[in-house]
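Trainee: All residue numbers for the sequence shown refer to numbering that gives the first Met the number 0, where the first residue is 0 and numbers rise by one.
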Amino acid sequence: MDHNECIQKIGEALTQLRTAKPLVVNLTNYVVMNNSANALLAIGASPIMAHSRQEMAEMMSFAGSLVINIGTLDSHWISRMRFAIEQANEFGKPVVLDPVGCGASRLRTDTARDFAELANKLTIRGNASEIMAMAGAQAQSKGVDALDSSQSAVMAAKALVTSYGANVVISGATDFVVTATEVVKLENGNSLMPFVTGMGCSHTAITGAFAAIGETTGLAATAVMGVAGQEASSHAAGPGSLQVNLLDELYQLTPEQLELRLKLSVVN
Numbered sequence: 000m001d002h003n004e005c006i007q008k009i010g011e012a013l014t015q016l017r018t019a020k021p022l023v024v025n026l027t028n029y030v031v032m033n034n035s036a037n038a039l040l041a042i043g044a045s046p047i048m049a050h051s052r053q054e055m056a057e058m059m060s061f062a063g064s065l066v067i068n069i070g071t072l073d074s075h076w077i078s079r080m081r082f083a084i085e086q087a088n089e090f091g092k093p094v095v096l097d098p099v100g101c102g103a104s105r106l107r108t109d110t111a112r113d114f115a116e117l118a119n120k121l122t123i124r125g126n127a128s129e130i131m132a133m134a135g136a137q138a139q140s141k142g143v144d145a146l147d148s149s150q151s152a153v154m155a156a157k158a159l160v161t162s163y164g165a166n167v168v169i170s171g172a173t174d175f176v177v178t179a180t181e182v183v184k185l186e187n188g189n190s191l192m193p194f195v196t197g198m199g200c201s202h203t204a205i206t207g208a209f210a211a212i213g214e215t216t217g218l219a220a221t222a223v224m225g226v227a228g229q230e231a232s233s234h235a236a237g238p239g240s241l242q243v244n245l246l247d248e249l250y251q252l253t254p255e256q257l258e259l260r261l262k263l264s265v266v267n
């Protein structure tokens, strides 16, 4: 797609999401459950923060998508998440995987790769270090924070696209959306955003909302999060007000605002 076609499709996807109000099942980490649920509500989706195996098959039969976030991982979470992915596969639903801290420990890296292998309809959203670690490339990480630039992870993302048939979003100062056919670069957002925990996790949750209406590339969610974050940062005094402002901006965001503010280029 060219630049104008990309922006048009993003605006159309936002309108469609708000009309459909898709249900998004989230198995996410304890730190960001509230952030992710509020971000989904603000953009116009309907979140369920479900974890029980006993209801997961029923949930995935009528939900639009599944979001898996491995931020607070243990053996119980792994079992539940694996079962949820199996149910998403059973019902043909897209899965969005956030490999939080991939590369920081063998458990996280192995689990992220196992889940990616298992999911049939997969989008991966992570920072540069996480994407590089998943692909087996040399990556620098400090806990769950990226020390690599998003540009340096593009080749690793392409490897994940090939390995798992996935679409991949690399978050950072510059975002990249990598699919089997193109790489799109987005340069919105703000340097204040990394000072609020769960910004990336909210991005992942919103990626799940768009996936539920068929926009599985991650492009629309990345555009929305970048522009909303940029607008929220412009009138925030610090991380606290940024977090509140972001929800307001997600709620108020229009296709026209996206067209005006979005800094997007198709790399190839």
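Glycine included, each C-beta is placed from N, C-alpha and C at the ideal position.
Measure the C-alpha to C-alpha separation of G42 and T108 and round it to an integer number of angstroms.
Mentor: Along the sequence shown, one-based indexing puts residue 42 at 43. Along the sequence shown, one-based indexing puts residue 108 at 109. At residue 42 the sequence reads Ile, which differs from the Gly that was named. Between I42 and T108, the C-alpha separation is close to 31 Å.
Trainee: Express the C-alpha separation of S264 and V155 in angstroms, rounding to a whole number.
Mentor: Here residue 155 refers to the residue found at position 156 of the sequence shown. Here residue 264 refers to the residue found at position 265 of the sequence shown. Residue identity differs from the one stated: residue 155 is Ala in this sequence, not Val. Looking at the two C-alpha atoms, the distance is approximately 20 Å.
Trainee: Quick one, are the C-beta atoms of M192 and G135 less than 8 Å apart?
Mentor: On the sequence shown, position 193 is the one that residue 192 refers to. On the sequence shown, position 136 is the one that residue 135 refers to. The beta carbons of M192 and G135 sit no closer together than 8 Å.
Trainee: Taking a contact to mean a Cβ-Cβ separation below 8 Å, would you say K92 touches A62 in this structure?
Mentor: Stepping through the sequence shown from its first residue, residue 92 is reached at position 93. Stepping through the sequence shown from its first residue, residue 62 is reached at position 63. Yes, Cβ-Cβ distance for K92 and A62 is below 8 Å.
Trainee: Run through the DSSP bridge pairs and tell me what G125 is partnered with.
Mentor: Here residue 125 refers to the residue found at position 126 of the sequence shown. In the DSSP output, where bridge partners are listed per residue, G125 has I169.
Trainee: In angstroms with no decimal places, state the Cα-to-Cα distance between A38 and M48.
Mentor: The sequence position of residue 38 within the sequence shown is 39, counting from 1. The sequence position of residue 48 within the sequence shown is 49, counting from 1. Answer to the nearest angstrom: the Cα atoms are 13 Å apart.
Trainee: Whose C-alpha, out of Q86, Q256, M80 and V66, is nearest the C-alpha of E11?
Mentor: Against the sequence shown, residue 11 aligns to sequence position 12. Considering only alpha carbons, the answer is Q256.
Trainee: Taking N267 and V182 to be in contact with their CB atoms under 8 Å, please state how far apart those CB atoms are, rounded to whole angstroms.
Mentor: The residue you call residue 267 lines up with position 268 of the sequence shown. The residue you call residue 182 lines up with position 183 of the sequence shown. Right, the Cβ-Cβ distance comes to about 5 Å (below 8 Å), so this counts as a contact.
Trainee: Based on the DSSP secondary-structure assignment, which residues constitute the bridge partners of L218?
Mentor: Counted from its first residue, the sequence shown places residue 218 at position 219. Answer is none; L218 lacks a bridge partner.
Trainee: Indicate the three-state DSSP secondary structure (helix, strand or coil) for S140 in the structure shown.
Mentor: As a first step, residue 140 is located in the sequence shown; it is residue number 141 there, counting from the start. Residue placement at S140 cannot be trusted, given a pLDDT of 49 that sits under 50; what the coordinates show is reported in the next sentence. DSSP, read as helix, strand or coil, puts S140 in strand.
Trainee: Out of M59, Q242, V243 and S170, point me to the one whose CA is closest to A211's CA.
Mentor: Stepping through the sequence shown from its first residue, residue 211 is reached at position 212. The option with the nearest alpha carbon to A211 is M59.
Trainee: If you draw a straight line from the alpha carbon of C200 to that of S170, how long is it in whole angstroms?
Mentor: Counting from 1 along the sequence shown, the entry for residue 200 is found at position 201. Counting from 1 along the sequence shown, the entry for residue 170 is found at position 171. The alpha-carbon atoms of C200 and S170 are separated by roughly 11 Å.
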